[in-house]
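Enquirer: Below: one structure in structure tokens.
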RNA sequence: GUCCCUGUAGCUCAGAGGAGAGAGCAACUGCCUUCUAAGCAGUGGGUCGGGGGUUCGAAUCCCUCCAGGGACGCCA
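Numbering (the numbering used here), first residue to last: 313 to 864.
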């Protein structure tokens, strides 16, 4: 990776300068290199001299010159210059840049893979919505974020497992069961009322009708509690199937669908509670069992077991995370939660610490709310009221690729507006098509070359000296750095931005440089460049979970 | 009241201590006899919410105020 090479080069030069007494022995800051926005300042830049000036009690320019004088140019670098008030600028060597085409072609689909993670087992848990109804658009955001992170982490060399936590225990499920049973009775022409805390959505009615069609009235012959349970199970299965389908259409799949109930069946709950009890984090008062989070600096304690003896969802979460770290041995766990769970972050981390694990091994990403607009009309999503725009509807209208791209473009921290009308209206001008169009154009050139039977395998990349070719190359070689950035920051919104930059570099090259021409040698070299650009662009699209179309 | 997120071009958003603050859309001007014009080249547009502070240097860090959203249950 170029950036790392440059950083090492700089660091060695500083050490050398210190050894030779050109600059004093002072500690170095963490960040050594930046990427200058002005191309005149080279490909990489360092403001290290400015940062050292005070401690070194030297003029920054003098430091810059001292360091620069200790740099021995590697093949990657054409020149190193100093600039006031104290910058060191690195310019990559055009010949080296051109040679990266061959490197990328050799790596093929593997270009962009790193071994940053050392195969460490890492879990990404996301969506994890109660199986009580269809997913809405907010869930789509978490789904796309999670699945993209999983792809990038895998590329970065982690051993990634994706997981959906099924909240199939607790009050919400019970309300859903009873709602479904009421609709079932209604579907059979009986008088029945939806419970006051019930689910009003039409999908419950549809589901009840399906159950009647398939199973008849046999549940009426059971004692009502049994019937509710039996119908509920069928309902959950149906809902989960439809959730899985909706997600699959978005390119989101899971390695594991983990049941909350299993935590109780298989003893994880009991074991986790025993640990907390042994370590003195549990107190019983007011008829309930509490996790004494105040002992860990939290604002307040939290109930684990209610007065009626039933565990809270927090108790389930304790057992679940005990299971993740202790029983399944994940080194790192990433949870993606909606903004409405933000208040639970610190207590969750506290309890992980209380169980004996380093809380930093748990990283929780909060995705902010999505508001849907249809033109001027604001649409609020509430599952209870039944007034929702479902994820399925969104994908139907906008398409999976565009959905992924739009959601990925925003950082998880910022609330976003999704205007359905605009998304449809803008379709041809949408950046997603701009990026994919670049890929289709590349494919088209390569098809032409194939039709004409051009063998460019021995093309000489040294001919790639045109500014547009070099600009394209500069973008292409940033892919590895991008994968690293996203894997460390867990912020995939860099991907769509990079893909646009890459597409721009290609479109501009395409306009300025004829690829298949009468100049045979240049044609061969450029076909190589184009093939490498295709690899880079396709890889970027695939990391985002998008398709790379051959034609549009 | 407390805690979290956000406030950057007309709109949607990047930019997390460095060099005249960026992109897409929208607006305007040019460019198709050549591999896809879903494209390219260019123009206009900004008190980076306000005010203090730290720093050689702040959209970025600290304090404070304002505005929007979310969370503060023996709901999930």
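Where is the CB? At the ideal position from N, CA and C, for every residue including glycine.
Hey, is the region 593-608 in contact with the region 391-399, meaning 3+ C-beta pairs nearer than 8 Å?
Expert: no
Enquirer: What did DSSP end up calling residue 600 once you bin it into helix, strand or coil?
Expert: Taking the first residue of the first chain as 1, we reach residue 600 at position 288. Reduced to three states, the DSSP call for residue 600 is strand.
Enquirer: If I follow the unbroken alpha helix (DSSP H) through residue 785, where does it start and stop?
Expert: Looking up residue 785 in the first chain gives position 473. Taken as a continuous stretch (DSSP letters only), the alpha helix (DSSP H) holding residue 785 covers 779-788.
Enquirer: Determine the extent of the beta strand (DSSP E) in which residue 391 is found, giving its start and end residues.
Expert: Numbered from its first residue, the first chain carries residue 391 at position 79. Taken as a continuous stretch (DSSP letters only), the beta strand (DSSP E) holding residue 391 covers 389-395.
Enquirer: Figure out for me which residue from 839, 710, 446, 584 has the closest Cα to the Cα of residue 825.
Expert: By 1-based counting over the first chain, the position of residue 825 is 513. Residue 839 is the option with its Cα nearest to residue 825.
Enquirer: How big is the Cα-Cα spacing for residue 387 and residue 673?
Expert: As a first step, residue 387 must be located in the first chain, where it is residue number 75. As a first step, residue 673 must be located in the first chain, where it is residue number 361. One C-alpha to the other measures close to 39 Å.
Enquirer: Can you look up residue 529 in the DSSP assignment and give me helix, strand or coil?
Expert: Locating residue 529 in the first chain gives position 217, counting from the first residue. Correct three-state label for residue 529: coil.
Enquirer: With C-beta atoms as the reference, is residue 555 less than 7 Å away from residue 706?
Expert: In the first chain, the residue the question calls residue 555 occupies position 243. In the first chain, the residue the question calls residue 706 occupies position 394. Contact flag unset, no.
Enquirer: Do the CB positions of residue 808 and residue 461 come within less than 7 Å of each other?
Expert: Residue mapping note: residue 808 aligns to position 496 of the first chain, counting from 1. Residue mapping note: residue 461 aligns to position 149 of the first chain, counting from 1. Cβ distance not < 7 Å, so residue 808 and residue 461 don't count as in contact.
Enquirer: Under the assumption that residue 444 contacts residue 498 (Cβ atoms under 8 Å), give the Cβ distance between them as a whole number of angstroms.
Expert: Within the first chain, residue 444 is the residue found at index 132, counting from 1. Within the first chain, residue 498 is the residue found at index 186, counting from 1. With 8 Å as the limit, residue 444 and residue 498 do not qualify as a contact, their Cβ atoms being about 18 Å apart.
Enquirer: Rounded to whole angstroms, what's the CA-CA distance from residue 488 to residue 675? Just pull it up for me.
Expert: The residue labelled residue 488 in the question sits at position 176 within the first chain. The residue labelled residue 675 in the question sits at position 363 within the first chain. Their Cα atoms are separated by approximately 31 Å.
Enquirer: Determine the direct distance from the alpha carbon of residue 533 to that of residue 492, and round the result to whole angstroms.
Expert: Your numbering for residue 492 matches position 180 in the first chain. Your numbering for residue 533 matches position 221 in the first chain. So the two alpha carbons sit approximately 16 Å from each other.
Enquirer: Ordered along the chain, which non-local residues of its own chain (more than five positions away) have a Cβ less than 7 Å from that of residue 472?
Expert: As a first step, residue 472 is located in the first chain; it is residue number 160 there, counting from the start. These residues qualify, in order along the chain: 434, 436, 462, 465, 466.
Enquirer: When burial is assigned at 16 or more other CB atoms within 10 Å of the CB, is residue 586 buried or exposed?
Expert: Translated into positions along the first chain, residue 586 becomes position 274. So residue 586 ends up on the exposed side.
Enquirer: If you compare alpha carbons, which of 637, 682, 677 is closest to residue 670?
Expert: For the purposes of this step, residue 670 is taken as the residue at position 358 of the first chain. Nearest in C-alpha terms to residue 670, of all of 637, 682, 677, is 637.
Enquirer: Tell me, to the nearest whole angstrom, how far the beta carbon of residue 755 is from that of residue 846; I am working on the premise that it is less than 8 Å.
Expert: By 1-based counting over the first chain, the position of residue 755 is 443. By 1-based counting over the first chain, the position of residue 846 is 534. Contact between residue 755 and residue 846 is confirmed by a C-beta separation of about 7 Å, below the 8 Å threshold.
Enquirer: Considering just the uninterrupted stretch of the beta strand (DSSP E) at residue 725, what are its terminal residues?
Expert: Stepping through the first chain from its first residue, residue 725 is reached at position 413. No residue range can be given for residue 725, since it is assigned to no beta strand (DSSP E) and is classified by DSSP as neither H nor E.
Enquirer: Tell me, please, which residues DSSP counts as bridged to residue 448.
Expert: As a working note, residue 448 is residue 136 in the first chain. BP columns for residue 448 point to 702.
Enquirer: Please give me, in chain order, every unbroken run of the beta strand (DSSP E) with length at least 3 that falls completely inside the region 568-644.
Expert: 568-571, 594-597, 600-603, 614-617
Enquirer: Quick one: using the 10 Å Cβ neighbour count with 16 as the cut-off for buried, is residue 777 buried or exposed?
Expert: Counting from one through the first chain, the residue named residue 777 turns up at place 465. Residue 777 is exposed by the Cβ-count criterion.
Enquirer: What separation, rounded to the nearest whole angstrom, lies between the Cα atoms of residue 584 and residue 455?
Expert: Start at 1 with the first residue of the first chain, and residue 584 comes out as number 272. Start at 1 with the first residue of the first chain, and residue 455 comes out as number 143. Between the alpha carbons of residue 584 and residue 455 lies a distance of about 29 Å.
Enquirer: Taking the beta carbon of residue 568 as the centre, do at least 16 other beta carbons fall within 10 Å, making it buried, or is it exposed?
Expert: Along the first chain, one-based indexing puts residue 568 at 256. Burial call: exposed.
Enquirer: Figure out for me which residue from 313, 850, 548 has the closest Cα to the Cα of residue 749.
Expert: As a first step, residue 749 is located in the first chain; it is residue number 437 there, counting from the start. For residue 749, the nearest C-alpha among the options comes from 850.
Enquirer: So residue 751 is in the alpha helix (DSSP H); what residue range does that whole segment cover?
Expert: Counted from its first residue, the first chain places residue 751 at position 439. In the DSSP annotation of this structure, the continuous segment of the alpha helix (DSSP H) that includes residue 751 starts and ends at 743-763.
Enquirer: Pull up the distance between the alpha-carbon of residue 788 and that of residue 474, whole angstroms please.
Expert: Locating residue 788 in the first chain gives position 476, counting from the first residue. Locating residue 474 in the first chain gives position 162, counting from the first residue. Each residue's alpha carbon lies about 29 Å from the other.
Enquirer: Give me the residue from 413, 634, 478 with the minimum Cα distance to residue 662.
Expert: Working through the first chain from its first residue, we reach residue 662 at position 350. When only C-alpha atoms are compared, the closest one is 634.
Enquirer: Extract the residue ranges of the alpha helix (DSSP H) inside the region 439-490, only unbroken runs of 4 or more that lie entirely within it.
Expert: 449-467, all fully within the region 439-490.
Enquirer: Taking 7 Å as the threshold (C-beta atoms), are residue 318 and residue 402 in contact?
Expert: Reading the first chain from its first residue, position 90 is the one you call residue 402. Reading the first chain from its first residue, position 6 is the one you call residue 318. Yes, Cβ-Cβ distance for residue 402 and residue 318 is below 7 Å.
Enquirer: If residue 406 and residue 782 are in contact, beta carbons under 8 Å, what's the gap, nearest whole angstrom?
Expert: As a position in the first chain, residue 406 is number 94, starting the count at 1. As a position in the first chain, residue 782 is number 470, starting the count at 1. That belief holds up - the Cβ atoms of residue 406 and residue 782 are roughly 6 Å apart, short of 8 Å.
Enquirer: Are there three or more Cβ pairs, one per stretch, closer than 8 Å when the region 723-733 is compared with the region 569-584?
Expert: no
Enquirer: I need the DSSP call for residue 663, collapsed to helix, strand or coil.
Expert: Locating residue 663 in the first chain gives position 351, counting from the first residue. Helix, per DSSP.
Enquirer: Are at least three pairs of beta-carbons, each pair with one atom in the region 702-722 and one in the region 852-864, less than 8 Å apart?
Expert: They touch, by the three-pair rule.
Enquirer: Given residue 760, which residues of its chain have a CB within under 7 Å of its CB, disregarding the five upstream and five downstream residues?
Expert: By one-based count along the first chain, residue 760 stands at place 448. Short of 7 Å from the beta carbon of residue 760, and not among the five residues preceding or following it, lie these beta carbons of its own chain, in chain order: 828.
Enquirer: Taking the alpha carbon of residue 393 as the point to measure from, which residue in 547, 856, 374, 659 has its own alpha carbon closest?
Expert: Here the question's residue 393 lines up with position 81 in the first chain. Nearest C-alpha to residue 393: 374.
Enquirer: Kindly indicate which three-state DSSP category residue 650 falls into: helix, strand or coil?
Expert: By one-based count along the first chain, residue 650 stands at place 338. Correct three-state label for residue 650: strand.
Enquirer: What would DSSP say about residue 679, mapped onto helix, strand or coil?
Expert: Mapped onto the first chain, residue 679 falls at position 367. Residue state for residue 679 is assigned as strand, using DSSP reduced to three classes.
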